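**Q**
In full-length UniProt numbering, the protein residues as written are 1 to 100.
Written as structure tokens, this is what we have:
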């Protein structure tokens, strides 16, 4: 893949819905790189339509933060609630068994 250019991140477009930075490619398509890839240190944005790529110049402090995985936290909260409910049910059964 041939390097097309080095591009400052400030010159790229950011789409918060897809969390992707993009920049126009001379072929008519766009160079793209995800926010997560940038946070992982990947500084190359490639074009899906041709063999060109750009090197993205940036500092991590200039990147938007990655969103929290609220689904993971929600699952953990549900799991804690379920565990509590199961524990209470087992305790009630143990109390009823002792009365019998």
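Built from N, CA and C at the ideal position, the CB exists for glycine as well. All of these numbers come straight from a predicted model, not from anything done at the bench.
1. Go ahead and label residue 32 buried or exposed: buried means 16 or more other beta carbons lie within 10 angstroms of its beta carbon, across all protein chains shown.
2. Quick check: the Cα distance between residue 37 and residue 58, rounded to an integer number of angstroms?
3. Can you tell me whether DSSP reads residue 10 as helix, strand or coil?
4. Have a look at residue 12 and residue 65 and give me their C-alpha separation to the nearest angstrom.
5. Tell me the DSSP secondary structure of residue 79 in three-state form.
6. Where does residue 93 sit, in a helix, a strand or coil, going by DSSP?
7. Does residue 20 pass the burial test, meaning 16 or more other C-beta atoms within 10 Å, or should it be called exposed?
8. In the UniProt domain "DPH-type MB" (3-59), which residue ranges form an unbroken beta strand (DSSP E) of at least 3 residues, counting only runs that do not cross its ends?
**A** Taking the structure as given:
1. buried
2. 12 Å
3. DSSP, read as helix, strand or coil, puts residue 10 in helix.
4. 17 Å
5. helix
6. Helix.
7. buried
8. 3-8, 13-15, 20-24, 30-34, 44-47 and 53-57
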